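Undergrad:
In this note's numbering, the protein residues as written are 1 to 238.
Shown next, in the form of structure tokens:
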């Protein structure tokens with residue numbers, strides 16, 4: 001993977017930061033996209049972009065496409081808005097789909113032509129255990145399920161060009177965002193932990209390890225797959 005150029009969305013926090021850091025440690029050239037970029041010691045090239053804004057996103061992607069030979073894309077950015085059925089706000093539903101699905105489509109489409117020309121490339125989508133169902137997650141579960149569908153569809157379309165497309169599906173991961181709703185010692189934390197057979201929360205580094213494997217040469221014959229990184233949390237009978 002040394003000297004490969006990898007674009008990561010949502011690159012400055014949590015899972016995105018861990019992925020970026022690991023890629024840099026492996027000798028990759030990392031191009032990060034994130035809304036908040038001030039005072040960030042990023043291990044690569046960092047671009048500020050409000051990914052909620054499709055027009056701004058297109059402008060930034062154009063600059064990156066013209067400047068860097070992107071070999072791989074990691075669609076990491078996401079948004080969750082917990083709401084029970086009966087209280088799902090349609091504006092929130094659209095917003096969740098926009099950031100989780102539209103951004104992935106827009107980013108990936110920007111760099112697929114050059115990957116096709118080289119007949120080589122890697123795409124990894126960050127999905128979620130919620131695709132198996134989760135209480136109060138109608139919007140998020142539906143959006144991440146759509147991203148799984150994109151993963152498999154793109155894998156079929158791009159396989160003839162030597163491009164692999166896979167997804168990584170984390171369970172609860174101990175990030176700042178997760179802790180905002182699962183404080184240490186809280187009932188929410190205990191409930192989430194009880195759903196994981198391995199008895200611990202995932203760490204961002206666990207997800208980064210799976211992503212870098214799928215981006216590597218060793219995974220060149222793996223495509224259209226969803227790799228769970230959830231401590232067994234998606235297993236039947238848990």
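Note that beta-carbon positions come from the ideal geometry of N, C-alpha and C, so glycine has one too. None of the values given here were measured: they were computed from a predicted structure.
Check the DSSP bridge columns for residue 169 and list the partner residues they point to.
TA: Answer is 228, bridged to residue 169.
Undergrad: Any idea what DSSP makes of residue 68, helix, strand or coil?
TA: Of the three classes helix, strand and coil, the one that applies to residue 68 here is coil, per DSSP.
Undergrad: Starting from residue 239, trace the alpha helix (DSSP H) both ways and give me its first and last residue.
TA: The question about residue 239 has no answer here: the residues shown for the chain are numbered 1 through 238.
Undergrad: Three Cβ pairs or more, each shorter than 8 angstroms: is that satisfied between the stretch 86-97 and the stretch 107-117?
TA: Too few Cβ pairs lie closer than 8 angstroms, so no.
Undergrad: Thinking just about the alpha-carbon of each residue, which of 137, 57, 162 is nearest to the one in residue 9?
TA: With distances taken between Cα atoms, residue 9 lies closest to 57.
Undergrad: Could you have a look at residue 48 and say whether DSSP puts it in helix, strand or coil?
TA: Looking at residue 48 - three-state DSSP - the assignment turns out to be strand.
Undergrad: Residue 195 to residue 233, Cα distance in whole Å?
TA: Each residue's alpha carbon lies about 6 angstroms from the other.
Undergrad: DSSP state of residue 121, grouped into three classes?
TA: Looking at residue 121 - three-state DSSP - the assignment turns out to be strand.
Undergrad: Mind checking which residues open and close the alpha helix (DSSP H) that includes residue 153?
TA: Start and end: 138-158.
Undergrad: Are the beta-carbon atoms belonging to residue 77 and residue 99 less than 8 angstroms from one another?
TA: Yes, the Cβ-Cβ distance between residue 77 and residue 99 is below 8 angstroms.
Undergrad: Suppose the cutoff is 7 angstroms on Cβ atoms and the five residues either side in sequence are ignored; what does the same chain contact list for residue 220 look like?
TA: So the list reads 164, once near-sequence residues are dropped.
Undergrad: Among 138, 122, 6, 1, which has the Cα closest to the Cα of residue 222?
TA: When only C-alpha atoms are compared, the closest one is 122.
Undergrad: Taking only the alpha-carbon atoms, compute the straight-line gap between residue 71 and residue 159 and give it to the nearest angstrom.
TA: For residue 71 and residue 159, the distance between alpha carbons rounds to 15 angstroms.
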